[in-house]
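Trainee: I have a structure I would like to understand better, so I am pasting it below and will then ask my questions one at a time.
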Amino acid sequence: EDSEFVPIGPSNGELDEVPQDDLVFINGLPCYTDKHKLREGEIQIFERIGYDDRVGATYLVLAGDKELVLRVATDKSGIVALEKVFLHKVESRGLWPHFSQLHSAWQMDRLDFMAVYFRQGPSLPECLDFLPSRNFSLGTLARLGKDILTCLRHIHGIGYVARCLNKDLFHLCAASRHLFMADISNIRLDPTSIGHPAAPWTGGSLLAPLRSHEKGVGLARGDELEAWLYLIVLLYTGSLPWDSVYDDQVEGVKATSNVVEGLGEKWEKLKSLVMEQSGIQIVDDSKYEEIGAILDEMAKEAGVDDEDQNYDFEVEPNEADLPKFILEKRPVDDPIKEESQLEEEEAIVA
1 EDSEFVPIGP SNGELDEVPQ DDLVFINGLP CYTDKHKLRE GEIQIFERIG YDDRVGATYL
61 VLAGDKELVL RVATDKSGIV ALEKVFLHKV ESRGLWPHFS QLHSAWQMDR LDFMAVYFRQ
121 GPSLPECLDF LPSRNFSLGT LARLGKDILT CLRHIHGIGY VARCLNKDLF HLCAASRHLF
181 MADISNIRLD PTSIGHPAAP WTGGSLLAPL RSHEKGVGLA RGDELEAWLY LIVLLYTGSL
241 PWDSVYDDQV EGVKATSNVV EGLGEKWEKL KSLVMEQSGI QIVDDSKYEE IGAILDEMAK
301 EAGVDDEDQN YDFEVEPNEA DLPKFILEKR PVDDPIKEES QLEEEEAIVA
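Going letter by letter, the sequence shown gives residues 1 to 350 in full-length UniProt numbering.
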């Protein structure tokens, strides 16, 4: 059954055994080190890279010559099981480049495991850290903003809600030069699709849709476009009108502020289109297309006429930075001395 609540089954029909030697558990999660191997030595732990125990532990691991990201969570939490079902749906639709590609999944002593292929590239915050201004130019922002929009569109398209948006969720794939959503731990099946109350926003108040501040109001898929708008404004300007007020004041400032004030006509058009989707449970595909078209216009106006054009944080190497190879010219009849001969000559000279 294609349901979010389908449990992960062990790949071989049997539960593996947990290696107990020197293994410490904190908050119910195993604290593996590079001494540990899983699945009869098939998977070698390299290092831990994710420490939010609320959504499980994350490790960089090796499986032969393959680099993988390993997710571990208790079967009681069900988080890794939900991620696995989501990635199966994504992969069946050919959408994995926008998220991650599943390698394997199994159970081990009431723990759920899932491994995805590691993709080289910096996180979105690391891209910002390359820049002295800590914010993107319009040409870069328009392209990366469209990547994030595409991820959100596919999440909604298969009946899920993101529930959280922030720059930490996204990484730049070095091969494709597009952002993908590396952290899917907050994504859930939209409960309204099975007749349940709408899911709550879990991403904090800064980027929260305005309706999510209202008590008892659930999250519509259209509301998440508002959160997306706040995110791209933050990436472009480096701030939001309410980012320095107390948490209980955020809703009021958000309700009375024009988040795109002074940014130009295209931004006003973008905001108008996005806010029209507030409260809409199923956003028509044409709306994502219209939003994407505005971003394309922004990129073109910023001088980006080729998708392969460098981002702000990409630079072409100077000639002086390129490696140089020096060949030593020797007479043809000059014998090449063995290393042991050279050591003997040096000893005699000394």
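The beta-carbon is built from N, C-alpha and C at its ideal position, and this holds for glycine as well.
Assuming residue 147 is part of the alpha helix (DSSP H), what are its boundary residues?
Mentor: Reading the sequence shown from its first residue, position 147 is the one you call residue 147. Looking at the DSSP string, the run of the alpha helix (DSSP H) that includes residue 147 is 138-157.
Trainee: Who are the near neighbours of residue 403 in its chain, counting only those whose CB is closer than 7 Å to its CB and skipping five residues on each side?
Mentor: Summary: the structure shown does not reach residue 403, with the chain confined to residues 1 through 350, and so no result is reported for it.
Trainee: Answer yes or no: do residue 251 and residue 260 have a C-beta to C-beta separation smaller than 8 Å?
Mentor: In the sequence shown, counting from the first residue as 1, residue 251 sits at position 251. In the sequence shown, counting from the first residue as 1, residue 260 sits at position 260. Contact: no.
Trainee: So residue 80 packs on residue 69, CB below 8 Å; how close in whole Å?
Mentor: Locating residue 80 in the sequence shown gives position 80, where the first residue counts as 1. Locating residue 69 in the sequence shown gives position 69, where the first residue counts as 1. 12 Å between Cβ atoms; not a contact.
Trainee: Pick helix, strand or coil for residue 19, following the three-state DSSP scheme.
Mentor: Sequence index remark: in the sequence shown, residue 19 carries index 19 (1-based). Interpretation of residue 19 is limited by its pLDDT of 48, a score under 50 that renders its predicted location unreliable; no figure is taken from the coordinates.
Trainee: Can you tell me the Cα-Cα spacing of residue 221 and residue 157, whole angstroms?
Mentor: The residue you call residue 221 lines up with position 221 of the sequence shown. The residue you call residue 157 lines up with position 157 of the sequence shown. Approximately 10 Å, taken between the alpha carbons.
Trainee: Buried or exposed, going by whether 16 or more other CB atoms sit within 10 Å of the CB of residue 262?
Mentor: The count along the sequence shown starts at 1 and reaches residue 262 at position 262. Exposed, since its Cβ has fewer than 16 Cβ neighbours within 10 Å.
Trainee: Secondary structure at residue 33, three-state DSSP: helix, strand or coil?
Mentor: The residue you call residue 33 lines up with position 33 of the sequence shown. Three-state DSSP puts residue 33 in coil, outside helix and strand.
Trainee: Taking DSSP's pairing of strands, which residues face residue 171 in a bridge?
Mentor: As a working note, residue 171 is residue 171 in the sequence shown. Looking at the DSSP assignment, residue 171 forms a beta bridge with 123 and 180.
Trainee: Just list the residues that DSSP pairs residue 59 with in beta bridges.
Mentor: Locating residue 59 in the sequence shown gives position 59, counting from the first residue. In the DSSP output, where bridge partners are listed per residue, residue 59 has 48 and 70.
Trainee: In the DSSP assignment, the alpha helix (DSSP H) including residue 227 goes from what residue to what residue?
Mentor: Position 227 of the sequence shown holds residue 227. It spans 223-237 - the alpha helix (DSSP H) in which residue 227 sits, taken as one unbroken run.
Trainee: Please look up how many angstroms separate the CB atoms of residue 62 and residue 135, rounded, as I've assumed it's under 8 Å.
Mentor: For this step, residue 62 is matched to residue 62 along the sequence shown. For this step, residue 135 is matched to residue 135 along the sequence shown. No, residue 62 and residue 135 are not in contact; Cβ-Cβ is about 36 Å, not under 8 Å.
Trainee: Please give me, in chain order, every unbroken run of the alpha helix (DSSP H) with length at least 4 that falls completely inside the region 228-287.
Mentor: Listed in chain order, the complete alpha helix (DSSP H) runs (minimum 4 residues) inside the region 228-287 are 250-256 and 265-275.
Trainee: Kindly confirm or deny that the region 113-129 and the region 164-177 touch, where touching means at least three C-beta pairs closer than 8 Å.
Mentor: Flag = yes, the region 113-129 and the region 164-177 touch.
Trainee: If you run the structure through DSSP and keep just helix, strand and coil, what is residue 118?
Mentor: To locate residue 118, count along the sequence shown from 1; it is residue 118. Coil.
Trainee: Taking the continuous beta strand (DSSP E) assigned at residue 102, which residues delimit it?
Mentor: Reading the sequence shown from its first residue, position 102 is the one you call residue 102. That run of the beta strand (DSSP E) goes 102-108.
Trainee: Give a yes or no on contact between the region 273-289 and the region 137-145, applying the rule of three or more CB pairs nearer than 8 Å.
Mentor: Counting Cβ pairs under 8 Å, fewer than three are found: no touch.
Trainee: DSSP three-state call for residue 113: helix, strand or coil?
Mentor: Along the sequence shown, read from residue 1 onward, the residue named residue 113 stands at position 113. Correct three-state label for residue 113: strand.
Trainee: Of the choices 153, 133, 202 and 182, whose alpha-carbon is the least far from that of residue 163?
Mentor: The residue labelled residue 163 in the question sits at position 163 within the sequence shown. For residue 163, the nearest C-alpha among the options comes from 202.
Trainee: In the DSSP output, what is residue 160 paired with across the bridge?
Mentor: Within the sequence shown, numbered from 1, the residue matching residue 160 stands at position 160. DSSP output for residue 160 lists 189 as bridge partner(s).
Trainee: Thinking just about the alpha-carbon of each residue, which of 273, 224 and 206 is nearest to the one in residue 245?
Mentor: Translated into the one-based positions of the sequence shown, residue 245 becomes position 245. Here the closest residue by C-alpha is 206.
Trainee: With DSSP collapsed to three states, give me the class of residue 38.
Mentor: As a first step, residue 38 is located in the sequence shown; it is residue number 38 there, counting from the start. The answer is strand: DSSP assigns residue 38 an E or B state.
Trainee: Would you call residue 132 buried or exposed, if buried means 16 or more other Cβ atoms sit within 10 Å of its Cβ?
Mentor: Counting from one through the sequence shown, the residue named residue 132 turns up at place 132. Residue 132 is exposed by the Cβ-count criterion.
Trainee: Do residue 291 and residue 149 have their beta-carbon atoms positioned less than 8 Å apart in this structure?
Mentor: As a working note, residue 149 is residue 149 in the sequence shown. As a working note, residue 291 is residue 291 in the sequence shown. Yes.
Trainee: Using the Cβ count rule (16 or more neighbours within 10 Å means buried), how would you classify residue 175?
Mentor: Start at 1 with the first residue of the sequence shown, and residue 175 comes out as number 175. Exposed.
Trainee: In terms of alpha-carbon separation, which member of 159, 226, 119 and 185 lies closest to residue 179?
Mentor: The count along the sequence shown starts at 1 and reaches residue 179 at position 179. Comparing Cα positions, the closest option is 119.
Trainee: Taking only three categories from DSSP, how would you classify residue 25?
Mentor: As a first step, residue 25 must be located in the sequence shown, where it is residue number 25. Reduced to three states, the DSSP call for residue 25 is strand.
Trainee: Using the beta-carbon count (16 or more within 10 Å), is residue 209 buried or exposed?
Mentor: Start at 1 with the first residue of the sequence shown, and residue 209 comes out as number 209. It is buried - the Cβ of residue 209 has at least 16 other Cβ atoms within 10 Å.
Trainee: For the putative contact between residue 108 and residue 83, defined by C-beta atoms under 8 Å, what is the C-beta separation to the nearest angstrom?
Mentor: Position 108 of the sequence shown, counting from 1, holds the residue named residue 108. Position 83 of the sequence shown, counting from 1, holds the residue named residue 83. Residue 108 to residue 83, Cβ: 16 Å. No contact.
Trainee: Out of curiosity, what's the CA-to-CA distance linking residue 117 and residue 177?
Mentor: For this step, residue 117 is matched to residue 117 along the sequence shown. For this step, residue 177 is matched to residue 177 along the sequence shown. Near 17 Å, if we compare the C-alpha coordinates of residue 177 and residue 117.
Trainee: Name the DSSP beta bridge partners of residue 43, please?
Mentor: As a working mapping, residue 43 is identified with position 43 in the sequence shown. Paired residues: 38.
Trainee: Can you tell me whether residue 193 is buried or exposed? The criterion is at least 16 other CB atoms within 10 Å of its CB, across all chains shown.
Mentor: Your numbering for residue 193 matches position 193 in the sequence shown. Residue 193 should be labelled exposed.
Trainee: Using DSSP with H/G/I as helix, E/B as strand and the rest coil, what is residue 97?
Mentor: Looking up residue 97 in the sequence shown gives position 97. Correct three-state label for residue 97: helix.
Trainee: If we cut at 8 Å on Cβ distances, does residue 310 have a partner in chain D?
Mentor: Looking at the structure shown, chain D is missing, and only one protein chain is on hand.
Trainee: Using C-beta distances below 8 Å, list every residue in its chain close to residue 357, excluding the 5 sequence neighbours before and after it, in chain order.
Mentor: This structure cannot speak to residue 357, because the chain is shown only from 1 to 350.
Trainee: Is the beta carbon of residue 274 closer than 8 Å to that of residue 225?
Mentor: Looking up residue 225 in the sequence shown gives position 225. Looking up residue 274 in the sequence shown gives position 274. Against a cut-off of 8 Å, the Cβ pair of residue 274 and residue 225 comes out as a contact.
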